[in-house]
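Here the numbering used here is used: the first residue of the sequence shown is 1472, the next is one more, and so on. Note that the Cβ used here is the ideal one computed from N, Cα and C, for glycine as well. To start, the structure itself, in structure tokens.
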Amino acid sequence: MEKGLNILSWAEEDRPREKLLLKGRSVLSDAELIAILIGSGSSELSAVDLSKKILQSVNHDLNSLARLSVKDLTQFKGIGEAKAISIVSALELGRRRKATEPAKRIKIQSSKDAYESIASELLDLPTEQFWVIMLNRSNHIIHKRNISQGGVSGTVADPKLIFKKALDDLASGIILVHNHPSGNLQPSHADRQLTKKIVEAGKLLEIPVLDHIIFADNGYYSFADEGEL
């Protein structure tokens, strides 16, 4: 059955914006994605139908569409300068993304790798900070998250906050890191107790704590290397 020209008369799940929200961006056609960009059509065509007409003019080739100028696009009835600029801008972003080399993720294979990966964040700090290195299943770094900042002699790390951030990042494993500005590499009783608490929470959530690094400018202490996890 032929849909009407007015998108608002369509079933909600068939409207491009609603369809994207309900089913995800991958199910939308090229015409539906362009329709979202332009927002509305003309008095004769819906936004989707107008987008189909534009795509037909370039034989549905997005590379050819990307070569059209604002002036070229405004030749279509219903496409003013603002809509043309939206299309050109979106396609330019796509071109830039394609041209950008994906950043190489660092893989953590040892406590030394973990120490070196966080060194730029923790070197020469006068106060304690607590960080978590978020890892994927291959032990590549997803993110490095600063959990808390403290004074010269201590900082507090809330396990609930740690695992909230880990869940947000879809981390498969985490490495805890905090620095000792004094240079003392030995863990305190509080360090050991906190590590034990976070390790147990990680087991329940199936996000294992792979190590806890005590960082100092002159070296580090690894709970994993010392068999304390």
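Could you please give me the residues that DSSP links to H1660 through a beta bridge? H1660 is not bridged to any residue.
Measuring CB atoms only, is the segment 1583–1591 touching the segment 1550–1569, in the sense that at least three cross pairs come out at less than 8 Å? They do not touch, by the three-pair rule.
Closest by CA to E1677, which one among F1634, K1667, T1666? That would be F1634, whose Cα lies nearest to the Cα of E1677.
Given a threshold of 16 other Cβ atoms within 10 Å of its Cβ, counted over all protein chains shown, does L1492 qualify as buried or as exposed? Its Cβ having fewer than 16 others within 10 Å, L1492 is exposed.
Any idea if S1540 is buried or exposed, counting beta-carbon neighbours within 10 angstroms, 16 or more meaning buried? Around the beta carbon of S1540, a 10 Å sphere encloses fewer than 16 other beta carbons of the protein chains shown; the residue is thus reported as exposed.
Segments of 4+ residues assigned as alpha helix (DSSP H) that fall wholly inside the segment 1577–1638: Here the runs fully enclosed are 1582–1593.
Alpha carbon to alpha carbon, how far is P1658 from A1687? Looking at the two C-alpha atoms, the distance is approximately 12 Å.
Report whether the distance from the Cβ of G1644 to the nearest heavy atom of the ligand NAD is below 7 Å. Ligands displayed in this structure: none; no statement on the ligand NAD is therefore possible.
Which residue spans inside the segment 1497–1570 form an unbroken alpha helix (DSSP H) run of at least 4? Entirely contained in the segment 1497–1570, the alpha helix (DSSP H) runs reaching 4 residues are, in chain order, 1501–1509, 1518–1528, 1533–1537, 1541–1544, 1552–1570.
Which class does I1678 belong to by DSSP, given the choice of helix, strand or coil? DSSP places I1678 in coil when its eight states are reduced to three.
CA-to-CA distance, L1499 to D1532, given in whole angstroms: Near 16 Å, if we compare the C-alpha coordinates of L1499 and D1532.
Assign G1673 to one of three DSSP states: helix, strand, or coil. Note: G1673 maps to helix in three-state DSSP.
Considering L1491, what are the terminal residues of the alpha helix (DSSP H) in which it resides? Start and end: 1487–1494.
By a C-beta neighbour count over all protein chains shown, 10 Å radius and 16 as the cutoff for buried, is P1487 buried or exposed? Classification of P1487: buried, given that the 10 Å Cβ count is 16 or more.
Is S1653 buried or exposed, if buried means 16 or more other CB atoms sit within 10 Å of its CB? With a 10 Å radius around the Cβ and a threshold of 16 neighbouring Cβ atoms, S1653 comes out exposed.
Taking the alpha-carbon positions, what's the L1685 to A1570 distance? Here residue 1685 turns out to be Ile, not Leu, going by the sequence shown. One C-alpha to the other measures close to 40 Å.
I need the straight-line Cα distance from L1641 to K1542, nearest angstrom please. When rounded, the distance between both Cα atoms is 44 Å.
Indicate the three-state DSSP secondary structure (helix, strand or coil) for L1665 in the structure shown. It is helical.
What distance in whole Å lies between the Cβ atoms of V1519 and R1537, which are believed to be in contact at a cut-off of 8 Å? Checking the displayed sequence, the identity of residue 1537 turns out to be Ala instead of Arg. Contact doesn't hold; Cβ gap of about 20 Å is too wide.
Does K1490 pass the burial test, meaning 16 or more other C-beta atoms within 10 Å, or should it be called exposed? Burial call: buried.
Can you confirm whether V1680, when its beta carbon is compared against all beta carbons of chain C, has any partner nearer than 8 Å? Here chain C cannot be found, since the structure has a single protein chain.
What do you get for I1550, buried or exposed, if any count of 16 or more other CB atoms within 10 angstroms of its CB means buried? I1550 sits buried, since 16 or more C-beta atoms from the chains shown fall within 10 Å of its C-beta.
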